[in-house]
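Colleague: Below is one structure. I have some questions about it.
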Amino acid sequence: MATENSLSTDSKYDQYDFPTTAPESQSGHPGHTTPEQDAKMHQLRAELEKLGYTKRLDSLTLLRFLRARKFDVEAAKTMLTNSETWRKEFGTDDLARTFEYPEKEKVFKYYPQFYHKTDMDGRPVYIEKLGKIDLNKMYQITTGERMLKNLVTESEKLSDPRLLACSRKAGKLLETCCTIMDLKGVGITSVPSVYGYVKQASDISQNHYPERLGKLYLINAPWGFSSVFSALKGFLDPVTVSKIHVLDSGYQKELLAQVPAENLPVEFGGTCKCEGSCELADFGPWKEDEWVRTPKWAQPKEAETTTPAEATPLAEGKEEETVSEATA
Numbered sequence: 001m002a003t004e005n006s007l008s009t010d011s012k013y014d015q016y017d018f019p020t021t022a023p024e025s026q027s028g029h030p031g032h033t034t035p036e037q038d039a040k041m042h043q044l045r046a047e048l049e050k051l052g053y054t055k056r057l058d059s060l061t062l063l064r065f066l067r068a069r070k071f072d073v074e075a076a077k078t079m080l081t082n083s084e085t086w087r088k089e090f091g092t093d094d095l096a097r098t099f100e101y102p103e104k105e106k107v108f109k110y111y112p113q114f115y116h117k118t119d120m121d122g123r124p125v126y127i128e129k130l131g132k133i134d135l136n137k138m139y140q141i142t143t144g145e146r147m148l149k150n151l152v153t154e155s156e157k158l159s160d161p162r163l164l165a166c167s168r169k170a171g172k173l174l175e176t177c178c179t180i181m182d183l184k185g186v187g188i189t190s191v192p193s194v195y196g197y198v199k200q201a202s203d204i205s206q207n208h209y210p211e212r213l214g215k216l217y218l219i220n221a222p223w224g225f226s227s228v229f230s231a232l233k234g235f236l237d238p239v240t241v242s243k244i245h246v247l248d249s250g251y252q253k254e255l256l257a258q259v260p261a262e263n264l265p266v267e268f269g270g271t272c273k274c275e276g277s278c279e280l281a282d283f284g285p286w287k288e289d290e291w292v293r294t295p296k297w298a299q300p301k302e303a304e305t306t307t308p309a310e311a312t313p314l315a316e317g318k319e320e321e322t323v324s325e326a327t328a
């Protein structure tokens, strides 16, 4: 059983300027780990170091990957090294600093997806309007590749500065989001194109940004959706199922119990009317000087370090990369 304790840290990798204890006593979460779980975290770090990795080995990151794989060290190591290969191929480490998305406002007209203030627990609120997706029109403005690059850029910015600023303001470690997905307007004809892209986006989130979902509200669920979801519950992880709330058009009361009215856009039953639009405002603690710090990705790059491939040839000749400093 997990007990209240301090985060098991390593001074070589763990330099935090924000709270590092999770607010709820959940097994495997920072501040609530068992000695066995701490040992597995240190084992994972040691095995990655043997492969030549020198960065992104901080305790919070390792615990997230371990939780995603039920503290199976070998599975977590595979997940993390696969993610590092993807980061190298996708150019992830440089995106937050270099990627520009001038077509953002036009794209959002056909696929609104945005962060907007915080929920009752202090977590960032992330909103998507799936029923508004029109990929044909979007592809006249941008490309699928640029859409995914924007998604990854926002995921990097979620890690730092969004979650870190929220943690400082709340006085507790916040590693997850409150997500609202509006299904209004999602019909049978839009399923193939909509879910094709959503699956790509979902795969990136699950494989490379694990343990970021706090609560998920599927609102305006069409008739029959709840029955389908109920049938799928048996195939999903119980922890994941507990985070998902499927609501029809009468969602406002339950949603407002999680998100303060002043933080929820008017169209969803709240009272917020951001100047310009809530979709483009990006308001939250990450925009407040008291809580935000310069993100690691915006700081001067450190001198290049030896990559695993240069340090020691790996089994089966697979080339790995040096990992960059983790942010959450």
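Quick note: the sequence shown, position 241, residue 241 per the UniProt record's numbering, numbers continuous.
Ideal Cβ placement from N, Cα and C applies to all residues, glycine included.
Looking only at DSSP bridge pairs, what is Y203 linked to?
Modeller: Residue 203 sits at position 203 when you count from the first residue of the sequence shown. Just to set this straight, residue 203 is Asp in the shown sequence, not Tyr. Paired residues: none, contrary to the question.
Colleague: Does T305 come out as helix, strand or coil in the three-state DSSP assignment?
Modeller: Residue mapping note: residue 305 aligns to position 305 of the sequence shown, counting from 1. Annotation note: pLDDT 41 at T305 (below 50); position unreliable, no value reported.
Colleague: Can you look up V186 in the DSSP assignment and give me helix, strand or coil?
Modeller: Position 186 of the sequence shown holds residue 186. Note: V186 maps to coil in three-state DSSP.
Colleague: Suppose you measure from the CA of P102 to the CA of H32; what does that come to, to the nearest Å?
Modeller: Here the question's residue 102 lines up with position 102 in the sequence shown. Here the question's residue 32 lines up with position 32 in the sequence shown. Approximately 43 Å between the Cα atoms of the pair.
Colleague: So, is L48 buried or exposed, given that buried needs 16 or more other C-beta atoms within 10 angstroms?
Modeller: Position 48 of the sequence shown, counted from the start, is the residue given in the question as residue 48. That one is buried.
Colleague: Under 6 Å Cβ to Cβ from N150, same chain only, skipping five residues before and after it: list those, please.
Modeller: For the purposes of this step, residue 150 is taken as the residue at position 150 of the sequence shown. The residues are Y101.
Colleague: Measure the CB-CB distance between T176 and P285 and report whether it falls below 9 Å.
Modeller: Looking up residue 176 in the sequence shown gives position 176. Looking up residue 285 in the sequence shown gives position 285. Not in contact: T176 and P285 (Cβ atoms no closer than 9 Å).
Colleague: What distance in whole Å lies between the Cβ atoms of M41 and S8, which are believed to be in contact at a cut-off of 8 Å?
Modeller: Counted from its first residue, the sequence shown places residue 8 at position 8. Counted from its first residue, the sequence shown places residue 41 at position 41. Indeed they touch by this definition, with Cβ atoms about 7 Å apart.
Colleague: Is the beta carbon of L130 closer than 9 Å to that of D182?
Modeller: Locating residue 182 in the sequence shown gives position 182, where the first residue counts as 1. Locating residue 130 in the sequence shown gives position 130, where the first residue counts as 1. Their beta carbons are under 9 Å apart, which means D182 touches L130 by this criterion.
Colleague: Considering only the beta carbon of each residue, do A220 and V125 sit closer than 9 Å?
Modeller: By 1-based counting over the sequence shown, the position of residue 220 is 220. By 1-based counting over the sequence shown, the position of residue 125 is 125. The residue asked about is misnamed: residue 220 is Asn in this sequence, not Ala. No; because the gap between Cβ atoms is not below 9 Å, this pair is not in contact.
Colleague: Just to confirm, is the Cβ distance from P295 to K157 under 9 Å?
Modeller: Numbered from 1 along the sequence shown, position 295 holds the residue referred to as residue 295. Numbered from 1 along the sequence shown, position 157 holds the residue referred to as residue 157. For P295 and K157, yes; Cβs fall inside 9 Å.
Colleague: Taking contact to mean at least 3 C-beta pairs separated by less than 8 Å, is the region 270-286 in contact with the region 107-121?
Modeller: Contact between the region 270-286 and the region 107-121 is present, because at least three Cβ pairs lie under 8 Å.
Colleague: Look at the Cβ atom of A75, then the Cβ atom of R69, and state whether they are nearer than 9 Å.
Modeller: Within the sequence shown, the letter at position 75 stands for residue 75. Within the sequence shown, the letter at position 69 stands for residue 69. Their beta carbons are under 9 Å apart, which means A75 touches R69 by this criterion.
Colleague: Under the DSSP definition of a beta bridge, which residues are partnered with E128?
Modeller: Working through the sequence shown from its first residue, we reach residue 128 at position 128. Answer by DSSP bridge pairing, in chain order: Q113, M181.
Colleague: Among G122, A165, K12, whose alpha-carbon lies nearest the alpha-carbon of K215?
Modeller: Taking the sequence shown and counting its residues from 1, one reaches residue 215 at position 215. For K215, the nearest C-alpha among the options comes from G122.
Colleague: For the alpha helix (DSSP H) containing V73, name the first residue and the last one.
Modeller: In the sequence shown, the residue the question calls residue 73 occupies position 73. Its alpha helix (DSSP H) spans residues 73-90.
Colleague: Which residue comes first and which comes last in the beta strand (DSSP E) that contains K215?
Modeller: Position 215 of the sequence shown holds residue 215. Note, K215: beta strand (DSSP E), 213-219.
Colleague: Could you give the uninterrupted runs of the alpha helix (DSSP H) lying entirely in the UniProt region "Disordered" (1-38), keeping only those of 4 residues or more?
Modeller: Qualifying alpha helix (DSSP H) stretches: none in this window.
Colleague: Along the chain, where does the alpha helix (DSSP H) that runs through V259 open and close?
Modeller: Mapped onto the sequence shown, residue 259 falls at position 259. Note, V259: premise wrong, no alpha helix (DSSP H); not H, not E.
Colleague: Are R146 and P19 touching if we call contact CB-CB under 9 Å?
Modeller: If you number the sequence shown from 1, residue 146 lands on position 146. If you number the sequence shown from 1, residue 19 lands on position 19. No.
Colleague: Is the distance from the Cβ of R45 to the Cβ of L60 below 9 Å?
Modeller: Sequence index remark: in the sequence shown, residue 45 carries index 45 (1-based). Sequence index remark: in the sequence shown, residue 60 carries index 60 (1-based). Taking 9 Å as the Cβ cut-off, R45 and L60 do not qualify as a contacting pair.
Colleague: Could you compute how far the alpha carbon of Q15 sits from the alpha carbon of P210?
Modeller: Position 15 of the sequence shown, counted from the start, is the residue given in the question as residue 15. Position 210 of the sequence shown, counted from the start, is the residue given in the question as residue 210. Roughly 21 Å between the two C-alpha positions.
Colleague: In its own chain, which residues sit with a C-beta less than 6 Å from the C-beta of L173, not counting the 5 before and 5 after it?
Modeller: The residue labelled residue 173 in the question sits at position 173 within the sequence shown. Around L173: P19, T20, T21, A22, P30, S167.
Colleague: Answer with buried or exposed for A298, where buried requires no fewer than 16 other C-beta atoms within 10 angstroms of its C-beta.
Modeller: Here residue 298 corresponds to residue number 298 of the sequence shown, with the count starting at 1. With fewer than 16 Cβ atoms within 10 Å of its Cβ, A298 is classed as exposed.
Colleague: What is the rounded straight-line gap between the Cα of K253 and the Cα of M138?
Modeller: Start at 1 with the first residue of the sequence shown, and residue 253 comes out as number 253. Start at 1 with the first residue of the sequence shown, and residue 138 comes out as number 138. In a straight line, the C-alpha of K253 is about 33 Å away from that of M138.
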